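Q: FYI, in the working numbering the residues of the sequence shown are 5 to 523.
We put the beta carbon where it would ideally sit given N, CA and C, even for glycine.
Please read all numbers here as calculations on a predicted model, not as lab measurements.
Here it is, the structure, as structure tokens.
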Amino acid sequence: MSKLAMGLYDDLDKQTQPLLEIDVTANNLIVFGGHRSGKTTVIKTVLVRLHENLTTELERDIYVLDFGGNLGQYKDLNCISACFDSSNEENVRRVFRTIEKKVEKNTKLLASRQFLDVFYSADTAKPAHIMLIIDNVNSFLADERYESYHETLLKFCRDGLSKGLSIIFTATDLAGGMTRFMNYFGYRFALKGSADKYIDIFGMKVNEPMHNPGRGITLIEGKPMEFQIFRPFRNEDRDLPMFKEYLKSVPVRTEKLTAFSGDLTKKNFMNYLSENYKEKPTPDSFVVGLDYYEHKPIVIRMKEMHSIAIYGKKGYGKTNLLTLMIRSIRSLPGSCRFVFFDDGRKQLEALYQENKGNSFYITSIEKMFGFLFENGYVAKVTNGSMTQDIGEKVNPPTVFILQNKMLFQSSGGPLMNNVFPRMIAAAEEKNYWFIYSDVKKISNNDRMTESSLNNSIAAAFLLDNIAEFVSDRGSRSVFGEMDPKELKNEYARCELGDGYFFDIESDELKKIKLIKVID
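Following this line, the structure appears as structure tokens:
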């Protein structure tokens, strides 16, 4: 059954009260009303009716943007792929991205056919029915964070039905540019409100309904009719849990978009990991977080990534990330020597103390040169250039943690331009790894040092707002060739615990939630 019984309406001409039925696969629905008029009840009733008619033959994916904050209890229903509030901008973007991908998939499956032609046919290979529900769309349209999505939303409303995408809005009025959406809504419900709003909504004068919650006006066969919406349950607190329990026995094909809530830790990691991720980690790799959109692990592969850079603002989590990486490396099979290259700030001292066994702590450029030459990591220096005769010895696998700010001053030039690039070029053979744990802007616009650093990095983390970073101090970093405008449209601002991972070898940029280290 494709039509949903939503309530009763008053047919005064026939003196009857027929069922108010809607087909959400064939039309979009918009519900207007004031505070406590029953707008959210309409959405709840739609969700319950849809789940009362579940079928394993049809894939249905429902995405809810709960800007009214009243639908959280329904987020666990089988077909609800996501139910996000307005607190996290990135979650809203995830919904739009996912819907766009699913509509593209439907478009390919449908070819030149209309969705309804396939939906009502005997064809067993049916495209998914997708629904986007926005409760309190006025709030969504008024929020400047989502201005870039207005045109996409309009396209969804205009073209979605033919591709299997239905839209349901609730709104208080037509403010915020709502009028340009109205032509694409076949169902219009107007609950308790003023008479002038009914004229705006229906284009005609209608009598105001009784002021009862769930009481409103709609057009049926072009005539205004007064209706009463059904509640989803007689007693929501008692009946909703029972309904959820019943639905556990009904198989459906819906992938959930899980929202991060608070910190990501090793303890709750599996709660957020994508259900579709089946790969097993290799012995030489470790995980630092999850991709923000697909919730797949961000994996550091030691055999491939011998030089990693960390960029970011103070207080955004660089120390947490470095701690996570060092502890993860120490837990891998085999043993490594650690060389901590700190400066007067002594920001690496605590990590050195934690990893003191087989580790070295160095605080000056001169001492770093001495350590490298005395231990045979590189050949000797003669007249400022590398000689070809002596010096290099066999050393154990070594991880260099480089956080001395003098590396990015003129005094660090020989290390950055000559010594480290040579070592990184041979890193795979000799089992060396380099972590630039707090990359600074190169002083005096030294293009040679910038180029040497950028060319030597295999992967990079950024713990900052990427669009602002690229347009300002990161313009000549490994991220420098990216377009700030595209980045601003693509990604929301970073929250604490968020960042970006750029796999330079594969040219992949991913926004990630980093695992927080808890001692």
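CA-CA distance, S41 and Q232?
A: 11 angstroms
Q: With H, G and I counted as helix, E and B as strand and the rest as coil, what does DSSP make of G197?
A: In this structure, G197 counts as coil in the three-state DSSP scheme.
Q: Kindly identify the DSSP beta-bridge partner or partners of S170.
A: M135
Q: Once you ignore the five residues that flank M135 on each side, which residues in its own chain have a CB closer than 6 angstroms to its CB?
A: The residues I66 and S170, in chain order, have a CB closer than 6 angstroms to that of M135 in the same chain once the five nearest residues on each side in sequence are set aside.
Q: Can you list, in chain order, the residues of its chain whose CB lies under 6 angstroms from that of I172, leaving out five sequence neighbours each side?
A: L33 and I137
Q: When you compare the stretch 276-289 with the stretch 402-413, are there three or more beta-carbon pairs, one atom per stretch, that lie closer than 8 angstroms?
A: In short, these stretches do not touch, since the Cβ pair count stays below three.
Q: Taking the alpha-carbon of T222 as reference, which of F234, Y202, N216 and F193 has the nearest alpha-carbon?
A: F193
Q: Measure the C-alpha to C-alpha separation of L513 and F234 and round it to an integer number of angstroms.
A: 48 angstroms
Q: How many Å lie between R117 and L62 at the Cα?
A: 17 angstroms
Q: From what residue to what residue does the beta strand (DSSP E) around M274 run?
A: Element bounds for M274: not the beta strand (DSSP E) but the alpha helix (DSSP H), F273 to Y276.
Q: If you count every other CB in all the chains shown that lies within 10 Å of the CB of G484, and 16 or more means buried, which is it?
A: exposed
Q: How long is the line joining the alpha carbons of N449 and G348, rounded to whole angstroms?
A: Taking C-alpha positions only, N449 is separated from G348 by approximately 24 angstroms.
Q: Which residue's Cα is closest to the Cα of Y205: A129, P255 and R184?
A: Note on residue identity: the sequence assigns Ile, not Tyr, to residue 205. Of A129, P255 and R184, the residue nearest in Cα terms is R184.
Q: Can you list, in chain order, the residues of its chain with a C-beta nearer than 8 angstroms to that of G181? Leave out the 5 residues immediately preceding and following it.
A: L145 and H154
Q: Could you have a look at A263 and say whether DSSP puts it in helix, strand or coil?
A: coil
Q: Within 10 angstroms of the Cβ of K252, are there 16 or more other Cβ atoms? Answer buried if so, exposed if not.
A: exposed
Q: Taking 8 angstroms as the limit between beta carbons, can you name the residues of its chain near I508, skipping five residues before and five after?
A: I461, A462, A463, A464 and V482
Q: Given a cut-off of 8 angstroms, decide if F71 and D139 are closer than it, judged by their beta-carbon atoms.
A: yes
Q: What's the gap between the Cα of H310 and the Cα of G416?
A: 20 angstroms
Q: Measuring straight from C-alpha to C-alpha, what distance separates S90 and R451?
A: 43 angstroms
Q: Nearest-angstrom Cα distance between C83 and H55?
A: Near 8 angstroms, if we compare the C-alpha coordinates of H55 and C83.
Q: Is the beta carbon of I304 closer than 8 angstroms to that of G293?
A: no
Q: Report all residues from its chain with a CB closer than 6 angstroms to the CB of D393; omit the five preceding and five following residues, and keep chain order.
A: Here the model assigns D393 a pLDDT of 48, short of 50, so the residue's position is not dependable and the matter cannot be decided.
Q: Would you mind reading off the limits of the beta strand (DSSP E) that contains S363?
A: S363 to I366
Q: Pick from A86, S510, V107 and Y296: whose alpha carbon is nearest that of S166?
A: V107
Q: Run through DSSP, which three-state label would L54 get?
A: helix
Q: Of the residues M229, L268 and N216, which one's Cα is nearest the Cα of I522?
A: L268
Q: Kindly give me the distance between the Cβ atoms of I224 and Y13, rounded to whole angstroms, as I take these residues to be in contact under 8 angstroms.
A: 6 angstroms
Q: What are the partner residues of L406, as DSSP defines its beta bridges?
A: Beta bridge pairing from DSSP links L406 with F345 and Y440.
Q: Reducing DSSP to helix, strand and coil, say where I461 ends up.
A: coil
Q: Going by DSSP, what residues sit across from E1 in a beta bridge?
A: Residue numbering for the chain in the displayed model covers 5 to 523; residue 1 lies beyond these limits and cannot be assessed.
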